[in-house]
Structure formats: C-alpha cells, structure tokens
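Have a look at the structure below before the remarks.
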Amino acid sequence: MSRTHRRPCSVATGWTEDERSPAGRVSAFIAALVCLVLVFAAASWLGPLAGARATAASASGTHLSVTAGQLGIVGVGSDVSFSMVIQSTDGAPVAAGRIQLHLDRAPLADRSALEAWLNPSRETTAPTGVVITTVAVRAGSGTQTTVTAMVPASSMKLAAGKVYPVEAVYSRNVDAQSGAVAATARTTVVADAPGTRGALAVVAPLTVPAPTNGVISADDLERLTAADGELTARLTALQHRPVAIGLDPMIPASIRLLGKSAPQTATSWLARLAAAPNEIFPLQYADADIAGQSQAGIGLLQPTSFDFAIDDSLFLKPTAEPTPAPSPAPSPSPQVGALPDLPTAESLTKWPYSLDGIGWPADGTVTAKDLDHFAKAGLETTILNSSAIKGDTTGHGVAARALINDHQVLVADSSLTAALRMAASASTEAVWTQAMTDLFAQLAVYAASPDPVPVLADIGRDTSNFGWFDATMSALTGQNLVGAATLESLVRDTATTGGAIVNSPEKAGRIERIRTLNDRATQVDRLATAAKNPALLTGRYRADMLALLATSWLADPVAWEQNVDESLDASAGLLDDVRLAPMSDVQMFGGQVAIPITVINDLPLPVTVRVQTVPSNARLVVDDDVIAELAPGSQTKVLVPVTARIGNGDVTLSIALFNEDLSVQLDGPEYVAVTVRADWETFGTLILAVLVVGFFGLGIFRNIRRRRKSRKAGAVDPGGAAPPVGSSHAEEQHDQSS
Numbered sequence: 010m011s012r013t014h015r016r017p018c019s020v021a022t023g024w025t026e027d028e029r030s031p032a033g034r035v036s037a038f039i040a041a042l043v044c045l046v047l048v049f050a051a052a053s054w055l056g057p058l059a060g061a062r063a064t065a066a067s068a069s070g071t072h073l074s075v076t077a078g079q080l081g082i083v084g085v086g087s088d089v090s091f092s093m094v095i096q097s098t099d100g101a102p103v104a105a106g107r108i109q110l111h112l113d114r115a116p117l118a119d120r121s122a123l124e125a126w127l128n129p130s131r132e133t134t135a136p137t138g139v140v141i142t143t144v145a146v147r148a149g150s151g152t153q154t155t156v157t158a159m160v161p162a163s164s165m166k167l168a169a170g171k172v173y174p175v176e177a178v179y180s181r182n183v184d185a186q187s188g189a190v191a192a193t194a195r196t197t198v199v200a201d202a203p204g205t206r207g208a209l210a211v212v213a214p215l216t217v218p219a220p221t222n223g224v225i226s227a228d229d230l231e232r233l234t235a236a237d238g239e240l241t242a243r244l245t246a247l248q249h250r251p252v253a254i255g256l257d258p259m260i261p262a263s264i265r266l267l268g269k270s271a272p273q274t275a276t277s278w279l280a281r282l283a284a285a286p287n288e289i290f291p292l293q294y295a296d297a298d299i300a301g302q303s304q305a306g307i308g309l310l311q312p313t314s315f316d317f318a319i320d321d322s323l324f325l326k327p328t329a330e331p332t333p334a335p336s337p338a339p340s341p342s343p344q345v346g347a348l349p350d351l352p353t354a355e356s357l358t359k360w361p362y363s364l365d366g367i368g369w370p371a372d373g374t375v376t377a378k379d380l381d382h383f384a385k386a387g388l389e390t391t392i393l394n395s396s397a398i399k400g401d402t403t404g405h406g407v408a409a410r411a412l413i414n415d416h417q418v419l420v421a422d423s424s425l426t427a428a429l430r431m432a433a434s435a436s437t438e439a440v441w442t443q444a445m446t447d448l449f450a451q452l453a454v455y456a457a458s459p460d461p462v463p464v465l466a467d468i469g470r471d472t473s474n475f476g477w478f479d480a481t482m483s484a485l486t487g488q489n490l491v492g493a494a495t496l497e498s499l500v501r502d503t504a505t506t507g508g509a510i511v512n513s514p515e516k517a518g519r520i521e522r523i524r525t526l527n528d529r530a531t532q533v534d535r536l537a538t539a540a541k542n543p544a545l546l547t548g549r550y551r552a553d554m555l556a557l558l559a560t561s562w563l564a565d566p567v568a569w570e571q572n573v574d575e576s577l578d579a580s581a582g583l584l585d586d587v588r589l590a591p592m593s594d595v596q597m598f599g600g601q602v603a604i605p606i607t608v609i610n611d612l613p614l615p616v617t618v619r620v621q622t623v624p625s626n627a628r629l630v631v632d633d634d635v636i637a638e639l640a641p642g643s644q645t646k647v648l649v650p651v652t653a654r655i656g657n658g659d660v661t662l663s664i665a666l667f668n669e670d671l672s673v674q675l676d677g678p679e680y681v682a683v684t685v686r687a688d689w690e691t692f693g694t695l696i697l698a699v700l701v702v703g704f705f706g707l708g709i710f711r712n713i714r715r716r717r718k719s720r721k722a723g724a725v726d727p728g729g730a731a732p733p734v735g736s737s738h739a740e741e742q743h744d745q746s747s
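Quick note, in the working numbering, the sequence shown goes up one by one and the last residue is 747.
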C-alpha cells in the first residue's frame with residue numbers, strides 16, 4: 010500500500026469492549042464502477058457471493074448499483090438512506106425514469122438464503138417484496154448519475170439483528186407503456202443489534218512479497234518501512250486491532266543483520282511491532298511453502314547460518330568491567346558500546362511469540378498426508394480454508410476449530426474470508442463498499458444463529474494490492490455484530506470431529522522443481538565441506554532457497570519458475586568452482602618423477618583439498634595423496650610424486666579431487682595417459698659405467714706398457730752406463746729418447 014487511505018466509515022460500537030474505532034460517517038458514494046468488466050472481474054474473485062452481489066445489468070445497456078446505510082448496517086427505528094448509481098454502458102446519456110425500492114419483510118434465515126438472494130440462479134423479471142419508496146430519475150447529459158432516497162423507519166419496520174433483502178428496480182420513461190425494466194440491483198440491510206453475539210477471529214500475514222534473496226537488503230528495508238512503505242501500511246492496519254499476526258522471521262532477522270547500519274525507519278518499524286499487543290506467531294522463514302515441502306518429501310527447512318551476511322564491523326560484543334564497590338563487590342556490570350551485540354542465528358530470528366507450533370499453508374495446496382508431516386515437524390495446529398474440508402456447510406458459519414485424523418485444525422470460513430479479502434484488495438471505493446456490505450451481512454446471519462460458535466477469517470497471503478487494508482480493518486473493528494476471538498482461545502476451544510481433507514496437491518511440475526532445489530542444496534553442502542567455514546556457502550544457499558519457496562510466489566508461477574531456473578543455473582556454476590585443470594599426457598623417463606597437477610578455486614573463500622592419484626597398473630606407484638590449501642579465487646600447482654617399477658609401458662592415472670577427509674569427491678576423476686620408459690635410466694647407467702671402466706682401464710694399460718718398455722730399454726745402453734736403479738730422471742730421459 011503506497012498511501013494511507015482515510016477511513017470511509019465507522020459503525021456504532023467497537024469489535025471489543027475496550028477497542029472501538031472513532032465514530033464517523035460514510036463518505037459520499039463518489040465513484041461508480043468504471044466499467045462493467047471491472048465489476049465482473051472483482052465479483053469473480055469473491056466467489057459464491059459475487060455473482061450478482063448488489064448489481065445486475067440488463068440487455069438494455071444500463072447498469073444499476075445500490076447501497077444502504079453505513080455499509081449496509083442501519084439503525085433500528087431510524088430512517089434509512091439509500092444511494093443508487095445508474096450507469097449507461099453503451100455510451101448513451103442516462104434516460105429519465107424512476108427507481109422503486111422493494112423490501113422483503115421476511116429476513117434471510119441463513120447463509121444459504123443470503124447466497125441465493127445475492128446470486129439468483131436466473132434473471133428475475135418480477136421484483137419481490139413491498140415497495141418502500143419510489144424516486145424519480147432525471148435525464149442526464151452524461152453516462153452516469155446518482156440518485157439518493159431517504160426511507161422513513163415506519164416504512165422499513167426492521168427487527169434488530171436481522172438481515173433483509175432489498176431490490177432496486179430502474180424503469181425508463183420510454184419503457185413505461187410496456188412495463189419494461191432497464192436494470193435491477195440487489196443488496197441487503199442489516200438491522201443493528203444492541204449487543205454482539207458470537208465471536209470472530211482474524212489472522213493476517215506480515216510478510217514481504219515474492220522475495221528472491223534470503224535476506225532483505227538495506228535499500229529494500231528502507232523502502233518497505235518508509236512512511237508510505239508496504240510493511241508500514243500493513244503494520245498500521247494490524248497494530249492495536251484484534252488480529253493475530255503471522256510474522257515472517259526473515260523481516261526481523263534482516264533488520265538485525267544490518268547492525269548499526271540498519272535504516273532508522275526499519276529499526277523504528279521493528280520497535281513498533283515489538284510494542285504491538287497483537288497475538289503473533291511465527292511463519293516459516295521467508296514464509297516458505299510448507300505444503301510444497303511436505304509433498305516434495307524434504308522436511309520443513311530452516312535457516313542454517315547467517316555468517317554469510319554478518320559484517321563484524323557493525324557489531325560489538327559487550328565487555329564486562331567490574332564496578333568499584335565496598336566488599337563484597339557486586340557482580341560485574343556489562344559496559345555495552347554503541348554497537349549492538351554480535352548476532353547468532355538464534356538471536357536474529359528470535360521473537361517473543363505469543364503462540365507457536367502453527368502452520369499456515371496457502372489455500373488449495375494441502376493433502377491429508379501433509380497434516381502428518383506438519384505434526385512431525387512440530388506444527389501441531391494447521392490453519393486451513395473451509396473449502397479444503399469436506400462437510401463445509403452454508404449455514405450460519407463454519408466452526409473455527411476441527412479435529413481431523415487426530416490433528417488440530419483452525420478452519421477459516423471460506424465465505425467470510427473471501428469477502429474480507431475482496432474488501433482489502435478493492436480497486437475502488439464502490440467495490441470496497443459492496444464487499445464490506447456482503448461481509449457485514451454474513452456476520453449478521455452468523456450472529457443470528459441460535460448458538461453461534463467462534464468463526465475465523467484470514468486476510469490471505471496475496472497482499473500486493475491491499476490499498477483498502479487499513480479501511481477494512483477499521484470498519485471491521487467498528488462493527489457491532491460479533492465480538493472478537495483470539496487465536497489462543499480457538500486453540501483451546503472444543504473441536505468438532507469427523508472432518509476430512511479435500512486433497513488438493515500442488516502441481517507436479519512445482520513439486521519436482523522443489524525437489525531439484527533441495528538436491529542442489531545437498532550438492533552445495535557437499536562442496537562446502539572443503540571450505541574452512543562451510544556455513545558461508547550452505548547458509549546463503551539455504552536462506553535463498555527458502556525465499557524462493559515463499560508462499561507469495563504461488564500467485565505468479567511463471568515468474569517463480571524463471572527465478573528457480575536462474576538459481577539452479579547459478580548454483581550449477583558454483584559446483585564447478587573447485588576443480589582440476591585439464592591435463593596433457595605424460596612421457597616418463599626415469600624411475601621417479603613429480604607430476605604437476607593444477608587445482609582451481611573460484612570460490613570467494615579458502616578451501617583445503619586432497620588430490621588422489623591412482624595408477625591403472627603396477628608399472629607406477631603413487632606414494633600418497635597430496636593435500637593443498639587454496640586461497641579464494643586462486644589456482645595452485647601440486648606435485649604428485651610417482652615411482653616407476655620394472656618394465657616399460659603405458660599407464661593411466663586416475664586423478665580425483667576430494668575434501669580433506671575424503672568424505673566428498675569434489676571433481677574428477679580425470680584420466681591422464683603416462684608412457685613409462687624407466688629402462689632408459691638402467692641402460693644409461695650401464696653405458697656410463699662401461700665408459701668409466703674403459704677409460705680407467707685404458708689408462709692403466711698404457712701405464713703398464715710404458716713401464717715394460719722402460720725396463721727393456723734400460724737393460725742395454727750403448728751410449729754409457731746404465732742409470733741407477735730407481736732413478737726417475739734416468740727413466741724420464743730414457744723414455745724421452747725412445
């Protein structure tokens with residue numbers, strides 16, 4: 010709701026003894042329905058009561074509507090004002106004529122009679138009841154005119170607390186001779202009663218529309234909680250009124266996560282909610298679709314961590330400093346700084362709820378098995394629309410509490426709920442007036458029952474166009490037909506028995522997508538085991554997944570499917586962020602080498618991985634796995650030592666990437682062909698040994714040969730005496746001469 014609407018009416022006394030809306034008068038009926046299509050569209054939304062609620066158009070191209078008193082409620086013994094709007098739907102000016110008002114003095118006994126009156130099975134040509142007034146219609150220059158009439162109390166003769174049918178009949182002068190009727194319209198008048206009978210409980214959601222992220226951004230919070238923001242408008246409509254609030258925990262968690270940087274409007278809004286006297290119970294985080302989760306067989310999910318969204322600089326843990334004092338010293342008093350405490354997942358979502366253990370699935374999504382699933386998840390009470398339960402009657406009202414297969418169910422009356430929702434989402438004041446008239450007529454029929462049991466109505470999840478939300482709640486609070494009941498009192502009330510669920514499972518395609526989202530969550534959990542802080546990955550994905558499961562997405566399945574597909578595409582890329590780089594084949598010469606393997610980490614957080622290499626045969630031996638730590642957004646080359654055994658040949662290495670404890674395989678296996686030529690080393694060593702031996706052997710041989718020649722030459726010397734034995738100089742000279 011983008012603006013605050015004035016309250017167009019206020020009826021005699023309040024909904025409760027100590028809560029009453031200020032007295033006022035209904036503003037003038039200033040705008041008729043823009044076109045016939047708009048009326049029929051709104052009427053089809055309301056359901057059974059909408060067919061000919063207060064207007065009917067004839068084939069003459071003329072449309073008529075009628076309202077009485079303040080939203081159909083009139084005082085007993087008082088004159089009653091009526092307002093009729095004639096609209097030409099074919100563009101012709103409104104013709105002169107007359108309008109007769111007919112009142113049936115027999116009140117409508119129950120809801121069946123009310124529905125039959127407002128939704129006749131066929132067009133009626135003859136009006137029913139007595140004529141209580143006739144008013145002239147002047148010819149107009151435009152296509153629309155408003156005619157008013159004041160009917161004296163003596164002509165009405167109403168009994169307190171009863172609902173009476175009224176019909177307006179418009180005849181043009183040109184048709185007077187033939188008695189033709191240009192248009193008719195039906196409505197009801199409720200004779201105000203001096204006191205209330207029975208009790209009505211109302212439940213409304215406090216959620217954000219169709220979220221895509223598991224945490225609401227600061228900008229969105231500032232917009233939603235601004236003076237004209239949607240959350241502000243909803244809280245204004247609910248606060249200090251006897252309405253139970255289903256609160257999405259994502260809202261307070263998102264505000265608290267911002268710490269000192271939270272917008273002032275958001276923190277003020279949260280303070281207003283904390284001060285509200287309303288009953289408040291928790292919805293699932295992000296108001297996730299509990300029926301869809303049940304039918305997908307995945308359990309009712311909860312957030313796992315908010316570490317991914319916590320900025321430590323925005324928070325400060327309080328420190329305890331002792332305060333000097335005489336002995337014995339008192340306990341230290343905490344000195345808290347300007348920053349709020351560092352939050353935890355529990356503190357972020359914690360709220361002083363007045364009720365707990367309540368599940369509220371969307372209309373038309375539940376099967377009988379879902380109630381078992383809800384109970385196992387701790388939701389002992391389920392709010393359902395009466396259309397989901399067999400045996401719903403059209404009497405005075407549907408009892409608000411039932412026991413179905415040993416499960417406690419709070420039953421929202423489908424007709425009351427439809428009228429309440431139509432009023433809150435009305436497009437014009439005329440549509441709102443008609444919806445409230447129908448709602449009050451139903452409440453009066455219910456209150457007139459011999460022994461009215463408490464009934465329940467809910468405002469519904471689709472609050473995207475609730476421009477008349479505040480006005481609706483104000484008028485409902487001001488009515489004097491029924492009292493107010495609390496949700497807590499309904500839970501304690503005696504339940505009716507014997508009901509059964511009308512199975513209305515969600516579409517198979519939606520359930521399959523929910524399963525796919527959950528399967529992807531499992532894959533992300535496995536990937537996160539390699540991270541030093543797995544919650545940074547798993548917490549974000551779980552929160553975003555819950556946002557995609559928000560009940561409000563049911564109103565727009567096409568957009569939901571697109572957002573789910575985008576999420577799956579993005580997370581598929583995430584699963585490839587820790588991987589092995591492509592490798593080439595290896596030529597191995599020698600008995601031992603270190604094979605380089607490149608590991609890539611595209612995640613924005615550090616990971617620890619284990620590279621496991623397994624050869625296809627015994628030609629190669631890998632001593633052990635290699636553990637590597639990778640910084641965020643980096644790649645690392647690890648060296649895997651490989652030893653060759655006897656023999657040459659081809660070997661295939663299977664290389665896989667695991668987390669450190671080998672519980673999860675992150676990538677691979679990749680296969681690398683290795684050509685082993687380990688004998689080249691043996692041959693090379695042998696050849697080198699032969700060369701060394703040959704070199705030294707040749708040197709020794711030459712040395713021996715010299716010595717032998719030297720001895721032979723020294724035995725006979727024709728030039729002189731033989732040199733002394735052992736003279737190296739003589740040997741050298743001899744050797745040179747030779």
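The beta-carbon is built from N, C-alpha and C at its ideal position, and this holds for glycine as well.
Being a predicted model, the structure only gives us computed values, none of them experimental.
Rounding to the nearest angstrom, what Cα-Cα distance links residue i and residue j in this structure?
i              : j              : result
alanine 484    : glycine 518    : 41 Å
proline 624    : valine 616     : 26 Å
alanine 640    : asparagine 610 : 7 Å
glutamate 176  : aspartate 381  : 49 Å
leucine 215    : leucine 282    : 10 Å
glycine 60     : leucine 127    : Bear in mind that a pLDDT of 32 at glycine 60, under 50, signals an unreliable position, so the number given afterwards is only what the model happens to contain. The alpha-carbon atoms of glycine 60 and leucine 127 are separated by roughly 7 Å.
alanine 40     : threonine 98   : The predicted model places alanine 40 with a pLDDT of 34, which falls under 50 and marks its position as unreliable; any figure quoted below should be read in that light. Roughly 15 Å separates the two Cα atoms.
leucine 45     : arginine 206   : With a pLDDT of 32 at leucine 45, under the threshold of 50, the predicted position of this residue should be treated as unreliable, though the coordinate-derived value follows. Computed Cα separation, rounded: 37 Å.
methionine 445 : leucine 80     : 6 Å
alanine 115    : lysine 166     : 11 Å
methionine 482 : glycine 255    : 16 Å
glutamine 417  : arginine 470   : 22 Å
valine 702     : leucine 666    : 49 Å
lysine 721     : leucine 707    : 21 Å
threonine 531  : alanine 300    : 20 Å
valine 620     : tyrosine 680   : 13 Å
proline 361    : proline 261    : 12 Å
Which residues does DSSP list as the beta-bridge partners of residue i?
i                 : result
alanine 253       : Val212
phenylalanine 91  : Ala77 and Ala158
methionine 597    : Val685
aspartate 184     : Answer is none; aspartate 184 lacks a bridge partner.
phenylalanine 290 : Gly255
histidine 416     : Ile413
Would residue i be called buried (16 or more neighbouring beta carbons within 10 Å of its own) or exposed?
i              : result
leucine 648    : exposed
serine 672     : exposed
alanine 603    : exposed
glycine 368    : buried
histidine 249  : exposed
arginine 714   : exposed
proline 286    : exposed
aspartate 320  : exposed
alanine 63     : Model confidence at alanine 63 stands at a pLDDT of 38, short of 50, so the residue's coordinates are unreliable and nothing is read from them.
glycine 406    : buried
asparagine 512 : exposed
Do residue j and residue i come within 7 Å of each other at the CB atom, strictly closer than that value?
i                 : j             : result
proline 312       : alanine 552   : yes
threonine 241     : threonine 234 : yes
phenylalanine 290 : leucine 364   : yes
alanine 564       : aspartate 296 : no
valine 156        : threonine 142 : no
aspartate 676     : leucine 545   : no
valine 139        : alanine 105   : no
aspartate 113     : threonine 76  : no
leucine 629       : valine 651    : yes
alanine 653       : proline 220   : no
threonine 426     : aspartate 467 : yes
serine 396        : serine 423    : yes
Legend entry - Contact between the segment 167-183 and the segment 113-123 (3+ Cβ pairs under 8 Å): Segments in contact, yes.
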